[in-house]
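Taking it in order: structure first as structure tokens, then the write-up.
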Amino acid sequence: MIEVRDLTKDYGQRRAIDKLNFSISKGDVVGFLGPNGAGKSTTMKIITGFMAPSHGSASVAGFDVFENPLEVKKRIGYLPETPPVYGDMYVRDYLRYVAALKQVPNDKIEKSVDMAIEKTNLGEVQKRLIQHLSKGFKQRVGIAQAIVSDPEVLILDEPTVGLDPKQVAEIRDLIKTLKGQHTIILSTHILPEVEATCEKVIIINKGQIVAEDSISNLSTMEKGQRRLHVRLRKDVQDMKTVLSPIQEVTAVSFGASHKEWSIDLSGGEEVVENISSLLVNKGLGLVELTPAKRDLEDVFLKLTYGQAQKGGEA
Ligand code: ADP
71 MIEVRDLTKD YGQRRAIDKL NFSISKGDVV GFLGPNGAGK STTMKIITGF MAPSHGSASV
131 AGFDVFENPL EVKKRIGYLP ETPPVYGDMY VRDYLRYVAA LKQVPNDKIE KSVDMAIEKT
191 NLGEVQKRLI QHLSKGFKQR VGIAQAIVSD PEVLILDEPT VGLDPKQVAE IRDLIKTLKG
251 QHTIILSTHI LPEVEATCEK VIIINKGQIV AEDSISNLST MEKGQRRLHV RLRKDVQDMK
311 TVLSPIQEVT AVSFGASHKE WSIDLSGGEE VVENISSLLV NKGLGLVELT PAKRDLEDVF
371 LKLTYGQAQK GGEA
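In the numbering used here, the protein residues as written are 71 to 384.
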């Protein structure tokens with residue numbers, strides 16, 4: 071549905087994005103995640119046809135963004151970082167105006183506006199001036215204008231920035247309800263936003279893609295690696311020595327106390343069995359042994375800031 075090839079953008083001397091390549095399939099809900107300044111908005115502006123790349127190409131539903139900008143714009147609903155909502159218009163009038171602009175046929179405009187108002191729960195404010203609405207409601211108007219033409223693709227750039235926690239939760243719930251009806255790209259620097267709403271994630275840092283995978287794959291340990299959490303009745307000061315007979319153990323670290331340890335290992339279940347036998351035979355009082363998923367936050371920090379540690383190293 072969306073193909074991006076070698077996409078590069080220079081602002082003068084500054085390279086904002088550098089040879090980005092990714093594909094997004096129909097119906098996917100993808101988080102475009104990266105710290106501020108990573109190049110997310112630049113990428114979104116190019117895909118939506120608001121800005122030309124310096125090199126490379128992007129296409130939506132088979133249409134090149136620059137050769138066929140109208141075909142692309144017809145298929146995309148875009149919520150930019152700063153929503154283009156006109157304060158001196160009434161909510162319903164504004165949505166009618168956007169629908170007409172997006173070439174929704176005249177006889178379908180009222181129905182399309184009703185649909186957008188219903189999905190974004192704007193019924194009670196549809197006759198109010200946009201400038202009198204709260205920030206959360208304005209953001210909903212921004213989403214309503216993106217969906218009013220029922221586009222195949224929805225691109226939402228930082229949809230919850232500047233909202234209070236209740237409004238954030240409401241917008242995330244709204245995005246969840248849009249799943250299955252559109253292919254969605256959600257650009258954000260907030261990791262929980264991606265975890266709450268997306269199935270796949272593309273992580274971008276300093277203008278380059280550093281990871282592209284499903285959330286579940288990214289949050290699992292790297293291939294062939296496992297992590298176990300163990301809880302013991304007894305304190306252990308030097309777990310490394312305790313586990314030294316097992317060569318497959320690659321790292322150990324303690325958690326809240328020296329009774330709780332994370333053990334990284336390579337190899338399969340037989341290694342897990344060996345570890346549990348060893349801890350039991352040493353009489354350490356093994357009360358819990360669970361396989362751990364790697365925290366997505368660890369992965370994100372490691373990829374973007376080169377650090378991934380929590381708790382103590384042993
Ligand atoms: P993000 O959306 O991830 O925060 P942006 O795409 O806005 O990142 O910016 C990527 C880089 O390009 C940043 O270093 C930013 O300072 C720079 N940049 C963005 N827009 C412009 C512009 N209009 N002129 C010059 N530099 C820009």
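Quick reminder that beta carbons are idealized off the backbone N, C-alpha and C, glycines included.
From the DSSP output, which residues share a beta bridge with residue i?
i	result
Leu349	Leu349 pairs with nothing; no bridge assigned.
Ala358	Reading off the sequence shown, one finds Glu at residue 358, where the question assumed Ala. Glu358 is bridged to Arg301.
Gly101	Leu256, Val271
Ala321	Asp334
Ile72	Ile94, Val130
Arg198	Paired residue(s): none; Arg198 is not in a bridge.
Arg145	Its beta-bridge partners do not exist; DSSP assigns none.
Lys79	Ile87
His125	Thr78
Val342	Answer is none; Val342 lacks a bridge partner.
Glu282	Ile272
Gln295	Ser336
With the cut-off set at 8 Å, would you say residue i and residue j are in Cβ contact?
i	j	result
Asp334	Thr311	no
Val280	Thr374	yes
Lys110	Phe102	yes
Gln201	Asp158	yes
Ile241	Thr253	no
Val130	Ile72	yes
Leu366	Glu265	yes
Ser219	Gly147	yes
Val300	Leu359	yes
Ile245	Leu233	no
Ser124	Thr78	yes
Ala170	Val183	no
Val155	Val238	no
Leu248	Ile217	yes
Leu356	Ser346	yes
Gly97	Ile274	no
Ser332	Gly325	yes
Val341	Ile316	yes
Pro221	Arg145	yes
Leu261	Leu313	no
Gln83	Pro153	no
Val369	Leu288	yes
Ile336	Gln295	For clarity, residue 336 is Ser in the given sequence; the question names Ile instead. Yes.
Output the boundary residues of the alpha helix (DSSP H) element that contains residue i.
i	result
Gly277	Element bounds for Gly277: n/a, residue is neither H nor E.
Ala239	235-248
Leu288	285-288
Phe207	205-217
Glu180	179-189
Lys110	110-117
Thr311	309-312
How far does the beta strand (DSSP E) with residue i in it reach, from first residue to last?
i	result
Arg162	Segment 161-171 is the alpha helix (DSSP H) holding Arg162; no beta strand (DSSP E) there.
Asp368	Not the beta strand (DSSP E): Asp368 falls in the alpha helix (DSSP H), residues 366-375.
Val223	223-227
Does the beta carbon of residue i sit closer than 8 Å to a beta carbon anywhere in chain B?
i	result
Tyr167	Among the chains in the structure shown there is no chain B, since it carries only a single protein chain.
My guess is that residue i and residue j are in contact by the Cβ rule of under 8 Å, so how many angstroms apart are they, rounded?
i	j	result
Gly206	Ala86	Incorrect: roughly 30 Å between the Cβ atoms, too far for contact.
Glu228	Glu151	5 Å
Asn106	His328	That pair is no contact at about 38 Å.
Val100	Ile272	6 Å
His303	Ala362	The question names His, but residue 303 is Arg in the sequence shown. Not confirmed; about 20 Å, so no contact.
Leu192	Val161	6 Å
Asp80	Lys89	Contact doesn't hold; Cβ gap of about 12 Å is too wide.
Under a criterion of Cβ closer than 6 Å to any non-hydrogen atom of the ligand ADP, which residues qualify, in chain order? Tyr81, Arg84, Ala86, Gly104, Asn106, Gly107, Ala108, Gly109, Lys110, Ser111, Thr112
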